[in-house]
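S.K.: Below is one structure. I have some questions about it.
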Amino acid sequence: MRKIVLPAVIIVSSILLLTKIFYLQVIDETLKLKAENNAIKKVFDFPERGYIYDRNGKLLVANQPSYDIMVVPREIKDIDTTEFCNLLHISKEYFIKKIEKANIYSPRLPSVFLSQLNKAEYAAFQEKERKFEGFYTQKRALRDYQVKECANIFGFITQANEAIINKNPYYNPGDLIGKQGVEQEYEEILRGVKGVKYLLRDKHNKIIGPYKNGEFDTIAQQGKDLTLTIDHELQKYGTELMINKRGGIVAIEPKSGEILALVSAPTYDPAMLVGRQRSKNYTALYNDSISKPLYDRGLQATYPPGSPFKIITGLIGLHEEVIDEQSTFYCNGGANFGRFMKCHCGLHTLQLNNGTYKSCNSYFGNTYKRTIEKYKDSYYSVDNWANHVKSFGLGQFLGTDMPIGAKGLVPTSKMYKKMYNGAPIRSSYIISNSIGQGEVLTSPIQLANMMAVVANQGYYYTPHIVKKIKGQPLDKKFTTKHYSTIDKQYFPPMIQGLADVYNVGTASSLKVEGLQICGKTGTAENKIRVAGKTYQLKDHSIFVAFAPKENPTIAIAVFIENGYWGSRWAGPIATLMVEKYVNGKITRKDLETTMLNGSLLPEYEKIENIIFQRFPEQKKESDSLKKIETAIGEARKEEESN
Amino acid sequence: MKNQSIGNSIDWITILIYIALVIMGWMTIYSASLPIEETSIFDLSQIYGRQMLFIGLAIPLIFIVLFTDAKIYERLSFVFYGIGIILLLGLFVFGVTKKGQTNWYQFGGFGFQPSEFVKIATGLLLAKYISYSQINFKYTKHQIIGLAIIGLPVFLILLQPDAGSAMIFISLIFVLNREGLPSWYFISGIVAIGLFFASLVIQPFYVVIAIAVFMVIHYIFNRKITRNPIVYGLLFLVMTAFTYSVSYVYDSVLEPHQKDRINVLIGDNVDMKREGYNLDQSMIAIGSGGLTGKGYLEGTQTKGGFVPEQHTDYIFTTVGEEWGFIGSFIVIVLFAALFLRIIYLAENQKTKFSRVYGYCVATYLFTHFFVNIAMLIKLFPTIGVPLPFFSYGGSSLWSFTILLFIFIKLDANKVNEW
């Protein structure tokens, strides 16, 4: 018995040791991770982000160097905090707060301590970097904007947040990522792929050589340059025309679907979102819930389209053969469709041509009535109509290469069945659709695309904003034609009507000598409800056009919030844009001056006052934004004069 | 003539395991101490180069041991023991203090740790004493003398203070147990260790309840006529007192670094960057090895020097990291095979002296082995004892070699016994 005690103890102990070692080595995975964090240091080589050019090769966005101070909390060794803080012009509280935060993220992995230092700040720090163990600088490229426009198109660069890092392992804290605009949509193309070097380090954090002779190292891949479809001259002109107005301009080249200009007003200087003031400025822009500078009105805002929708009503009428060019309707300051729909056309007998250029509600009301009453089953007629409308790209996401968009709305039988509890509908219930005032909602880019379909006499390319990616073909969906359901033969009479809008119709005052523009004015009613009370506001001003009549090179939609009526603001702006693009110069200097200097701010203030009465705290934010904008403007001026 | 008989009668299995362990030990030290630029493996400015020299010098030692008359060890055991005790006492005057422990003599560049010599001497004297025909551990007097042979060096070593070496000596209780020391010595030692940790991990009150429950159950099922409630009561009182005194000992007697080591083991309130660093890093190195290891000389933790004193007490972490579970398995099985082989040989000795000495050798080696590896993987408090044949150091390698080969010599000599 006594003989077996020691052998038994030896065997049991050995099994005990082996069991625990087996657990540590084979079952417990955390130790392997810890070992990697211990000994393997990843050093990243960030490639330069791709440049952005306009369609004519003008450089819009380049890069400038910037430096982040990174910290690895566990490597901090008794540093002189006071000296450190003074050197970087930060407070001790900031220091403590940041270190705490970094420690919570990970004591072993680097976090950003202070971001986007300029060269001078970097130089001062670099001199003493060795004294501050645990801190190091990481060079990054920041955007260097060559132009002050296009903020809504570019988007901006920001640090990847925790949600992104958790979702996409490519990003580490402090890495930059594109947000909004092409920076977001083409993030992977612009950013390239960062290179990684795996280095072995010892317990003093000293590098002792490459890990496995660099077997796992990767080389950085340069970001690719983008050429946008934007014509910067046109974009700049549009932005200037939109000063002190709110709304959007979208111009498209019909034969390719390329977006020539995408203006949203009010906008901001893209340089506001670069550098150490970035987050402060962004917060101010973000919080401005009234003028919404971050909201791309050209892509996101949906409004009732108003009169431009009559183009579609007419084309569908022709295609469904419920009218022809000679069909005649009568207008008596309006017409009765169960209820009376008013009209200001001032004519009495209307056919397609004068109905179009005078924008007669009665004519298109009747056309729509016939379309809906063509089939016995009115719901079938509605869907038939809705399919035609949708074939113009309305009521759906267009699928552009911008990360945002709006669906708009084209009502279908499904929706009306819900609204009318399945009871058969009469054309009179939904007659407002005929003139774009019913349930239909469109965004400016959808209207511009609709005009491209008309200009092309029956097809469109998905609008897109990137023309060329260096060394890479364009997505196929941008080179595929989408046909509308309207036969080609029905377009010429409608186009003639649109040409006559300029010649003798609602936009005759905007006629440009030697350039045949086809256009359509529009006015959309608009109300707001604040705290349960409805306020009737000034109508929105809408204008759509394309030019020249033969071989069109531009299709455009202009939308001005609270701009009274179509030919008052949107018409002139659209005309100037078209003239600028097609002719390269402006003949109507008087019109140009009026538009450039014109301001709708008093109108907007009225609206703001209505809101501020109810929500006074928003006034403060709006004021602070104005202050920041002024300060940035001044700083820029100073920089330029230097 | 003599030459031939040695070659034929020594136990080659033991020697082969010994050679395998020493070679693997050197390879591991080479990996753990490899500088960035490679130099000759005999480069004496490098740790692995010096270890190579130590191994080389062990060979003549082996021959000296094997060709010395086996009777010398038995006859001179008193003398060896006496010299050992004097050396231990001499430390208080001439000793060198390293890391708070006065356990070295320094002669120029050469260090000497007398406790290593005393281990062998104590084993020899214990074997000698037990081999007297009249010795019987039924008698209290003999028990006391047996325990005193172990107790004297333990006492002197605890004064250094070197808890690790003291523990190695205490493990000789296995030998006494084998030779007839009443079991309750052994059992009460194990119970005391168990109670010590139990009362640190959980409230002493619950420990006492557990003791009471266990005693009642034991009393009910004890079918012996001699069961005496008074004995049970006394035992209960002693154990209760012990349990409550642990927290007092822990708070007032243990040094802070000793407390830390226990805290680390029971996972109590430990900062992994300070007192927990060694253990944390050693577990990381071993755990990162996986099933097959990272490959020889490919250990990232070993190369980075994250494990402190990796070539000495923490040498097994390199085995774990670079050779993985398979390598660890082989090393542990080799060690266990060595211990079991020695015990097997000991049991087959004709003389009591050889048997007891063999047991001492197995116990010493096993205790070093277990304490060393167990402390790396959080099964035992951190106590600085080397891994036999693996850990860097001449005096450690030589003393283990002499310890083992004296037994091999005794074993080889059994054919010459009457």
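Protein chains in written order, with the numbering used here: chain S, 1 to 642; chain Y, 643 to 1060. For each residue, glycine too, the CB sits at the ideal point set by N, CA and C.
1. Sorted by chain position, which residues of the same chain lie with C-beta nearer than 6 angstroms to K511/S's C-beta, five sequence neighbours on each side aside?
2. Would you decide whether E758/Y is buried or exposed? Buried here means 16 or more other CB atoms lie within 10 Å of its CB.
3. DSSP has S996/Y in a bridge; who is on the other side?
4. Classify H953/Y: buried if its beta carbon has 16 or more other beta carbons within 10 angstroms, exposed otherwise.
5. Which residues share a DSSP beta bridge with L537/S?
6. In chain S, which residues lie with their C-beta within 7 angstroms of the C-beta of I985/Y?
7. Could you tell me whether the Cβ of I11/S comes closer than 8 angstroms to any Cβ of chain Y?
8. Can the beta-carbon of A1054/Y be found less than 8 angstroms from the beta-carbon of S651/Y?
9. Check whether the Cβ of D202/S lies closer than 8 angstroms to any Cβ atom in chain Y.
10. Out of L59/S, F44/S and L601/S, which one is the CA nearest neighbour of Y51/S?
11. At what residues does the beta strand (DSSP E) containing Q235/S begin and finish?
12. How close, in whole Å, do the beta carbons of I799/Y and L730/Y come, if the pair is a contact with beta carbons under 8 angstroms?
13. Using the beta-carbon of each residue, which ones in chain Y are nearer than 8 angstroms to Q116/S?
14. Within 8 angstroms (strictly less), CB to CB, does A1004/Y reach chain S?
15. Kindly indicate if chain S contains any beta-carbon less than 8 angstroms away from that of M1017/Y.
16. Who are the neighbours of G947/Y on chain S, taking C-beta pairs under 7 angstroms?
17. Any heavy atom of the ligand ZN closer than 7 angstroms to the beta-carbon of P444/S?
18. Within 8 angstroms of any Cβ in chain S, is that where the Cβ of G931/Y sits?
19. Could you pull out every residue in the same chain whose Cβ sits closer than 7 angstroms to the Cβ of G497/S, ignoring the five residues on either side in sequence?
20. Using Cβ-Cβ distances below 9 angstroms, what residues of the segment 956–985 of chain Y are close to chain S?
21. Check for me: the beta strand (DSSP E) holding H482/S runs from which residue to which?
22. Cβ of M925/Y less than 8 angstroms from any chain S Cβ?
23. Comparing alpha-carbon positions, which option in R997/Y, Q748/Y, T942/Y and L814/Y lies nearest G831/Y?
24. With a threshold of 8 angstroms between beta-carbons, can L31/S be considered close to chain Y, or not?
25. Does the beta carbon of Q943/Y sit closer than 8 angstroms to a beta carbon anywhere in chain S?
26. Roughly how many angstroms separate the alpha carbons of G438/S and Y268/S, rounded to a whole number?
27. If I measure Cβ to Cβ from T534/S and keep anything under 7 angstroms in the same chain, skipping five residues before and after, which residues do I get?
28. Beta carbon of V454/S, beta carbon of I311/S: below 8 angstroms?
29. Per DSSP, what are the beta-bridge partners of H464/S in this structure?
30. When you compare only the Cα positions, how much space is there between Y186/S and K390/S?
31. For the segment 177–218 of chain S, which segments carrying the alpha helix (DSSP H) assignment without a break, of at least 4 residues, lie completely within its bounds, in sequence order?
32. Quick check: the Cα distance between V263/S and V61/S, rounded to an integer number of angstroms?
33. Terminal residues of the continuous beta strand (DSSP E) containing N336/S?
34. When burial is assigned at 16 or more other CB atoms within 10 Å of the CB, is A547/S buried or exposed?
35. What three-state label does DSSP hand L350/S in the structure shown?
36. Would you call the segment 560–576 of chain S in contact with the segment 210–218 of chain S, where contact means no fewer than 3 C-beta pairs closer than 8 angstroms?
M.R.: A quick look at the data gives this:
1. Taking the first residue of the first sequence as 1, we reach residue 511/S at position 511. Y502.
2. Sequence index remark: in the second sequence, residue 758/Y carries index 116 (1-based). E758/Y comes out buried.
3. Numbered from 1 along the second sequence, position 354 holds the residue referred to as residue 996/Y. Beta-bridge pairing links S996/Y to no other residue.
4. The residue you call residue 953/Y lines up with position 311 of the second sequence. The residue is buried, with at least 16 neighbouring Cβ atoms inside 10 Å.
5. To locate residue 537/S, count along the first sequence from 1; it is residue 537. In the DSSP assignment, L537/S forms a beta bridge with N526/S.
6. The residue given as residue 985/Y occupies position 343 in the second sequence. Under the 7 angstroms cutoff, chain S gives L6 and P7.
7. Your numbering for residue 11/S matches position 11 in the first sequence. So, interface residue.
8. Position 412 of the second sequence, counting from 1, holds the residue named residue 1054/Y. Position 9 of the second sequence, counting from 1, holds the residue named residue 651/Y. Contact flag set, yes.
9. For the purposes of this step, residue 202/S is taken as residue 202 along the first sequence, with counting starting at 1. Output row for D202/S: interface = yes.
10. Against the first sequence, residue 51/S aligns to sequence position 51. Out of L59/S, F44/S and L601/S, L59/S has the C-alpha closest to the C-alpha of Y51/S.
11. Position 235 of the first sequence, counted from the start, is the residue given in the question as residue 235/S. Note, Q235/S: premise wrong, no beta strand (DSSP E); alpha helix (DSSP H) at H232 to L241.
12. Numbered from its first residue, the second sequence carries residue 799/Y at position 157. Numbered from its first residue, the second sequence carries residue 730/Y at position 88. That belief holds up - the Cβ atoms of I799/Y and L730/Y are roughly 7 angstroms apart, short of 8 angstroms.
13. For this step, residue 116/S is matched to residue 116 along the first sequence. By Cβ distance, chain Y contributes nothing, its closest Cβ being about 32 angstroms from Q116/S, past 8 angstroms.
14. Taking the second sequence and counting its residues from 1, the one referred to as residue 1004/Y is at position 362. Answer yes: the Cβ-Cβ gap between A1004/Y and chain S drops below 8 angstroms somewhere.
15. In the second sequence, residue 1017/Y corresponds to position 375, counting from 1. Cβ-Cβ to chain S under 8 angstroms: no for M1017/Y.
16. Taking the second sequence and counting its residues from 1, one reaches residue 947/Y at position 305. Under the 7 angstroms cutoff, chain S gives D202 and K203.
17. In the structure shown, the ligand ZN is absent, as is every other ligand, since no ligand is present at all.
18. Translated into the one-based positions of the second sequence, residue 931/Y becomes position 289. Yes, contact with chain S.
19. Your numbering for residue 497/S matches position 497 in the first sequence. Setting aside the 5 residues that flank it on each side, G497/S is surrounded in the same chain by L352, N353, T356 and Y357, each with a C-beta closer than 7 angstroms to its C-beta; the list follows chain order.
20. G962, E963, G966, F967, S970, F971, I974, V975, F977, A978, F981, L982 and I985
21. By one-based count along the first sequence, residue 482/S stands at place 482. Per DSSP, H482/S belongs to the beta strand (DSSP E) from K481 to Y483.
22. For the purposes of this step, residue 925/Y is identified with residue 283 of the second sequence, where counting begins at 1. Closer than 8 angstroms: yes.
23. Taking the first residue of the second sequence as position 1, residue 831/Y is located at position 189. Comparing Cα-Cα distances from G831/Y to each of R997/Y, Q748/Y, T942/Y and L814/Y, the minimum goes to L814/Y.
24. Position 31 of the first sequence holds residue 31/S. It does; some Cβ of chain Y falls within 8 angstroms.
25. If you number the second sequence from 1, residue 943/Y lands on position 301. Closer than 8 angstroms to some Cβ of chain S, the Cβ of Q943/Y qualifies, so yes.
26. Residue 438/S sits at position 438 when you count from the first residue of the first sequence. Residue 268/S sits at position 268 when you count from the first residue of the first sequence. As the crow flies, the alpha-carbon of G438/S is around 34 angstroms from that of Y268/S.
27. Residue numbering aside, residue 534/S sits at position 534 when the first sequence is read from its first letter. Result list for T534/S: K527, in chain order.
28. Locating residue 454/S in the first sequence gives position 454, counting from the first residue. Locating residue 311/S in the first sequence gives position 311, counting from the first residue. Yes, the pair counts as a contact, with Cβ atoms nearer than the cut-off.
29. Position 464 of the first sequence, counted from the start, is the residue given in the question as residue 464/S. Answer is E258/S.
30. Start at 1 with the first residue of the first sequence, and residue 186/S comes out as number 186. Start at 1 with the first residue of the first sequence, and residue 390/S comes out as number 390. Taking the straight line joining both Cα atoms gives about 28 angstroms.
31. 181–185 and 187–191
32. By one-based count along the first sequence, residue 263/S stands at place 263. By one-based count along the first sequence, residue 61/S stands at place 61. The straight-line gap from Cα to Cα measures roughly 17 angstroms.
33. On the first sequence, residue 336/S is found 336 positions in, with the first residue counted as 1. Looking at the DSSP string, the run of the beta strand (DSSP E) that includes N336/S is G334 to N336.
34. For the purposes of this step, residue 547/S is taken as the residue at position 547 of the first sequence. With 16 or more other Cβ atoms within 10 Å, it is buried.
35. Residue mapping note: residue 350/S aligns to position 350 of the first sequence, counting from 1. Residue state, collapsed to three classes: strand.
36. These segments do not touch.
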